[in-house]
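Enquirer: Once you've had a glance at the structure underneath, I'll fire off some questions.
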Amino acid sequence: MKKINLILIIFGVFITFTALAQEDIFQEIADNAPVGNGWASVENYDLNTKKSDLVVQALAELKEEYWENCGPWKTFRGPRTSIRKIKKLEADQGIEVSARRLQSLYDQKKIVALVGTESNNRVECSLHWFNIYGTDGSVLRLRYNLGD
């Protein structure tokens, strides 16, 4: 009986460590993402939320942030498309840090959902926003604002 209790305690610590590590990776991405005049943050979401509900919530959140006269807006619901968009945004700036880390997390199945949207590319717009939901309950919000 003691062996079982010890294993459960060790397993519990490992899960906590893994969860913190993923949130830390999200925070490093947020701290270093070349978002221009935008912003990045890491917050938490309810792990009991279904993936389909996360996508609906993310799309609604992003739509609330739309700027007038910057449409038409395009949305991306899949990780591959969004990661490609982030990679291109960063490559255009000569800084590729976020896309590689996100691709690695995706390959490790650490991303539950990734939703993005982008405006037109007029000088005053050029907005690219993403919500990335991790399996640990953390959400990375990237708001690239590359317009003038």
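Counting from 82, one number per residue, gives the positions in the sequence shown under this note's numbering.
Ideal placement from N, C-alpha and C gives every residue a C-beta, glycine not left out.
Computed from a predicted model, the values in this text were never measured in an experiment.
Considering only C-alpha positions, which residue in the set 156, 212, 151 is nearest to residue 192?
Expert: The sequence position of residue 192 within the sequence shown is 111, counting from 1. Of the listed residues, the one whose Cα sits closest to residue 192 is 212.
Enquirer: Are the Cβ atoms of residue 204 and residue 228 separated by less than 8 Å?
Expert: Counting from one through the sequence shown, the residue named residue 204 turns up at place 123. Counting from one through the sequence shown, the residue named residue 228 turns up at place 147. Yes, the Cβ-Cβ distance between residue 204 and residue 228 is below 8 Å.
Enquirer: Would you identify the three-state DSSP class for residue 205, choosing helix, strand or coil?
Expert: Position 124 of the sequence shown, counted from the start, is the residue given in the question as residue 205. Three-state DSSP puts residue 205 in coil, outside helix and strand.
Enquirer: Just the Cα atoms here: how many angstroms apart are residue 209 and residue 218?
Expert: By 1-based counting over the sequence shown, the position of residue 209 is 128. By 1-based counting over the sequence shown, the position of residue 218 is 137. For residue 209 and residue 218, the distance between alpha carbons rounds to 23 Å.
Enquirer: Candidates 172, 200, 181, 223: which alpha carbon is nearest residue 148's?
Expert: Within the sequence shown, numbered from 1, the residue matching residue 148 stands at position 67. Checked all of 172, 200, 181, 223; the closest Cα to residue 148 is 200.
Enquirer: Between residue 220 and residue 172, what straight-line distance do the alpha-carbon atoms span, to the nearest angstrom?
Expert: For the purposes of this step, residue 220 is taken as the residue at position 139 of the sequence shown. For the purposes of this step, residue 172 is taken as the residue at position 91 of the sequence shown. Cα to Cα, residue 220 sits roughly 23 Å from residue 172.
Enquirer: On a CA-only basis, which of 118, 157, 153, 152 is nearest residue 137? Give me that one, please.
Expert: Position 56 of the sequence shown holds residue 137. With distances taken between Cα atoms, residue 137 lies closest to 157.
Enquirer: Ordered along the chain, which non-local residues of its own chain (more than five positions away) have a Cβ less than 6 Å from that of residue 132?
Expert: Locating residue 132 in the sequence shown gives position 51, where the first residue counts as 1. Closer than 6 Å at the Cβ level, and outside the excluded window around residue 132, lie 193, 194.
Enquirer: Can you say whether residue 122 is buried or exposed, counting buried as having 16 or more other CB atoms within 10 angstroms of its CB?
Expert: Locating residue 122 in the sequence shown gives position 41, counting from the first residue. Exposed.
Enquirer: Have a look at residue 178 and residue 110 and give me their C-alpha separation to the nearest angstrom.
Expert: Taking the sequence shown and counting its residues from 1, the one referred to as residue 178 is at position 97. Taking the sequence shown and counting its residues from 1, the one referred to as residue 110 is at position 29. Approximately 7 Å, taken between the alpha carbons.
Enquirer: Alpha carbon to alpha carbon, how far is residue 167 from residue 155? Give it in angstroms, no decimals.
Expert: What you label residue 155 is simply residue 74 of the sequence shown in a count that begins at 1. What you label residue 167 is simply residue 86 of the sequence shown in a count that begins at 1. So the alpha carbons of these two residues sit roughly 14 Å apart.
Enquirer: Going by the CB atoms, is the gap between residue 119 and residue 202 shorter than 8 Å?
Expert: Stepping through the sequence shown from its first residue, residue 202 is reached at position 121. Stepping through the sequence shown from its first residue, residue 119 is reached at position 38. For residue 202 and residue 119, no; Cβs fall outside 8 Å.
Enquirer: Is DSSP giving residue 121 helix, strand or coil here?
Expert: Here residue 121 refers to the residue found at position 40 of the sequence shown. Three-state result, residue 121: strand.
Enquirer: Round the Cβ separation of residue 180 and residue 164 to the nearest angstrom and send it over; I've been treating them as touching at under 8 Å.
Expert: Position 99 of the sequence shown, counted from the start, is the residue given in the question as residue 180. Position 83 of the sequence shown, counted from the start, is the residue given in the question as residue 164. Residue 180 to residue 164, Cβ: 6 Å. Contact.
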